[in-house]
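Numbering-wise, UniProt numbering puts 115 at position 115 of the sequence shown, and it's gapless, one number per residue.
Data first, discussion second: the structure below is written as structure tokens.
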Amino acid sequence: MVFRGTDTVAVLIEWILARIVLHPEVQSRVHDELDNVVGRSRAVDESDVAKMIYLPAVIKEVLRLHPPGPLLSWARLAITDTTIDGYHVPKGTTAMVNMWAITRDPQEWPNPFEFMPDRFVTGEGEGEFSVLGSDLRLAPFGSGRRTCPGKNLGLTTVSFWVATLLHDFEWLPSDQNPVDLSEVLRLSCEMANPLSVNVRPRRKLSLSHQ
Ligand code: HEM
Numbered sequence: 001m002v003f004r005g006t007d008t009v010a011v012l013i014e015w016i017l018a019r020i021v022l023h024p025e026v027q028s029r030v031h032d033e034l035d036n037v038v039g040r041s042r043a044v045d046e047s048d049v050a051k052m053i054y055l056p057a058v059i060k061e062v063l064r065l066h067p068p069g070p071l072l073s074w075a076r077l078a079i080t081d082t083t084i085d086g087y088h089v090p091k092g093t094t095a096m097v098n099m100w101a102i103t104r105d106p107q108e109w110p111n112p113f114e115f116m117p118d119r120f121v122t123g124e125g126e127g128e129f130s131v132l133g134s135d136l137r138l139a140p141f142g143s144g145r146r147t148c149p150g151k152n153l154g155l156t157t158v159s160f161w162v163a164t165l166l167h168d169f170e171w172l173p174s175d176q177n178p179v180d181l182s183e184v185l186r187l188s189c190e191m192a193n194p195l196s197v198n199v200r201p202r203r204k205l206s207l208s209h210q
């Protein structure tokens with residue numbers, strides 16, 4: 001519970017910031033949204049995030065391309081001989097769902113390798129894309145009985161901290177260590193080369209963080 005709840009959150013925040021540094025036009029749109037919703041005279045509040053449209057779309061696009069838990073697997077065991085889509089699955093087989101591959105499937109995602117948060121910005125009258133397990137094209141917290149029990153907490157925590165970090169700072173590439181999107185699968189799917197950045201304050205910060 002401790003590893004699943006801390007490592008995943010930290011890893012996802014690092015991927016989001018990496019993408020923010022790589023795509024300055026995306027960063028600038030999030031900054032504009034924060035300025036409209038929050039303004040610069042006070043800190044971000046959790047309730048502000050619910051009023052944002054573009055930042056959640058950015059987070060969903062990062063979950064699509066860089067899911068911290070790309071293989072949903074640990075608890076799926078065939079308890080009888082069965083057939084799925086013409087494939088025989090013998091009793092005792094451990095089944096693994098490759099969410100990483102599903103979220104790159106060109107039949108489901110136009111230009112799957114492009115970073116395009118706008119694919120999650122829904123128009124008026126359209127339902128919002130849920131990443132909480134009801135749509136299997138993107139289920140970065142799993143789905144069904146063994147879905148992540150911390151998904152709402154995880155998403156809320158990540159959204160709040162990313163909003164706060166972007167509200168307070170502009171995130172810029174480091175000259176010595178450019179952003180490298182290579183990944184390595186450890187407990188979570190992490191950046192192989194940890195993110196290194198420069199930051200520039202956007203607001204006058206006080207010790208009480210108002
Ligand atoms: C952004 C953050 C998070 C991501 C991306 C994430 C992702 C996942 C994924 C993909 C699974 C496997 C689901 C499956 O196999 O179908 C999982 C399971 C789990 N997660 Fe999370 N998680 C996050 C945050 C959290 C938090 C905050 C907690 C706890 C406070 C947590 C606790 C757990 C536990 C206990 C399981 C195992 C559930 C089981 O096997 O029944 N996770 N998580």
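Beta carbons: idealized from backbone N, C-alpha and C, even for Gly.
Keep in mind the model is a prediction, meaning the values are calculated, not measured.
Residue i - partner residues in DSSP beta bridges
i, result
"L72", "V97"
"R200", "E170"
"H88", "T83"
"E190", "V184"
Environment of residue i [buried if 16+ CB atoms lie within 10 Å]
i, result
"H88", "exposed"
"K60", "buried"
"Q176", "exposed"
"M96", "exposed"
"E12", "Per the sequence shown, residue 12 should be read as Leu rather than Glu. With 16 or more other Cβ atoms within 10 Å, it is buried."
"G154", "buried"
"S159", "buried"
"P70", "buried"
"Q27", "buried"
"S174", "exposed"
"R145", "exposed"
"E114", "exposed"
Presumed contact (8 Å Cβ cut-off) between residue i and residue j, rounded CB distance
i, j, result
"T94", "R76", "6 Å"
"T8", "P68", "4 Å"
"S143", "G133", "4 Å"
"R64", "L185", "Between L185 and R64 the Cβ distance is about 17 Å, and since that is not below 8 Å, they are no contact."
"H23", "L166", "With a Cβ gap of about 13 Å, H23 and L166 do not count as contacting."
Where residue i sits in the DSSP three-state scheme
i, result
"L34", "helix"
"V9", "helix"
"L77", "strand"
"E128", "coil"
"V184", "strand"
"W108", "A small fix is needed here, since residue 108 is Glu in this sequence, not Trp. Here E108 sits in coil by DSSP."
"S143", "coil"
"A50", "coil"
"L65", "helix"
So, does the segment 160–173 touch the segment 186–203, judging by three or more C-beta pairs under 8 Å? yes
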